[in-house]
Amino acid sequence: MTVLVTGANGFVGTAVCSMLEKRGTPFIGLVRKNALHARMCVGDLSSPEGLPHRNFQVATAVVHCAAELPDGERTDFTKNVTITENLLNALGKNVEIFVLLSSVSVYDPCDVTLEYDLTEDADELAQSGYGYSKLEQERLVTDWCQTHGVRFVILRASSIYGVGCRPTTLLPRICLAAVKNLPIELFAPANYRQNFVCVKDVAGIACDALNRTGVRGVFNLFSDDTFSAVALANKVVSSTGSTSNIVERESNKMVPVVRFDNSRLHQTFQPEFARFESEIRAYCNDLASTAMLKEST
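Residue numbers (the numbering used here): 614 to 910.
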């Protein structure tokens, strides 16, 4: 097996490549620039002419991690669809398994008067541009794999955290404040709940899916760690020994109540999830060293 990993120098792609290397699985990492690793190659999925087609022909497996991610400002995610189309068109005939990293955002429940069980059979409402682009990715991959007789596994991940995570979403921002012992201000609705999954677990399950020949279809990649905003902040503070105060700001906004169902994942992969407290300490230690490095330069 030779695995093509897209977005190989991104947050999740880096973890997938590290896991494959640790397991001794041959892989080719696709990056847009600066292929510093011997197993990396340069290619831009947004431009078919610039793709290293020879490497694509060699691949017998694919883990598709490349994607434009929400950062608070970006609203156009059509590139996620384009790069997936170009990837599928460039693949050779040797591919036997395709693993797609998708997102919980394909569900996007919106009715605040309802409670939602997020099973794999829940309605795919995809209210956001990002969620819609991930849903379109899923449809493209499913159609291509069914047409070509290729086994596929789609992993709908919740909020991914861990060392290397960009501090642009709620958990990393809480961690950054905790590292600096600054007040942690929370503006989240009282009924907000989010599930958090460690990037190590995402990489491990993606790699496991490659070799489990009987496994195919869609899986919620949710851990067993679901928190309200206040519980999340308290968990970070207690795990790191921070002296940060937690300040709750009133929010009249309501969000749907959701329950994160990962029973299919448990039944199929029997995952042993990383301990949230340990991984948060590691992430905060990394943030602290980065912050100190910036202050000293």
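Glycine included, each C-beta is placed from N, C-alpha and C at the ideal position.
These figures come from a predicted structure and were not determined experimentally.
- Cβ contact annotation for V754 (same chain, cutoff 8 Å, sequence separation greater than five): H677, T697, L701, F711, L713, F765, I767, in chain order.
- According to DSSP, D756 shares a beta bridge with no other residue.
- Under DSSP, the beta-bridge partners assigned to I710 are A674, R764.
- With 16 or more other Cβ atoms inside 10 Å of its own Cβ, A791 counts as buried.
- In chain order, S718, V719, Y720, D721, Y745, K747, L748 place their CB closer than 8 Å to the CB of A739, counting only its own chain and leaving out the 5 sequence neighbours on each side.
- Within the same chain, S852, T853 come within 7 Å of R894 by CB-CB distance, once the 5 residues on both sides are set aside.
- In the DSSP assignment, D814 falls within the alpha helix (DSSP H) that extends over 812–824.
- Sixteen is the threshold: since fewer than 16 other Cβ atoms of the shown chains lie within 10 Å of the Cβ of G777, the residue is exposed.
- Residue pairing by DSSP places T619 opposite L643, H677 in a beta bridge.
- If the five residues before and after V694 are omitted, its C-beta is found closer than 6 Å to the C-beta atoms of S746, E749, all from its own chain and listed in chain order.
- Here C758 has F711, F765 as same chain residues with Cβ atoms under 6 Å from its own Cβ, once five neighbours each way along the sequence are excluded.
- Counting of Cβ neighbours within 10 angstroms places N865 among the exposed residues, the total staying below 16.
- Residues D838 of the same chain have their beta carbon placed closer than 6 Å to that of F889, with the five preceding and five following residues left out of the count.
- If you draw a straight line from the Cα of Y805 to the Cα of N847, it comes to about 15 Å.
- Membership of G626 in the alpha helix (DSSP H) is indicated by the continuous run 624–636.
- In this structure, A770 keeps its C-beta atom at 8 Å or more from the C-beta atom of V629.
- Of I773, E709, T673, L727, the smallest CA-CA separation from R872 is found for L727.
- If you draw a straight line from the Cα of T781 to the Cα of A822, it is about 29 Å long.
- If you draw a straight line from the Cα of V625 to the Cα of D724, it is about 31 Å long.
- Of the residues S716, V843, V708, the one whose Cα lies closest to the Cα of G762 is V708.
- For the pair G642 and M653, the CB atoms are nearer than the 8 Å cut-off.
- Taking every protein chain shown into account, the CB of F800 has fewer than 16 other CB atoms within 10 angstroms, so this residue is exposed.
- Comparing alpha carbon positions, the residue from G637, N824, D734 closest to N875 is D734.
- About 13 Å separates the CB atoms of E892 and G817; that is not less than 8 Å, and the two are not in contact.
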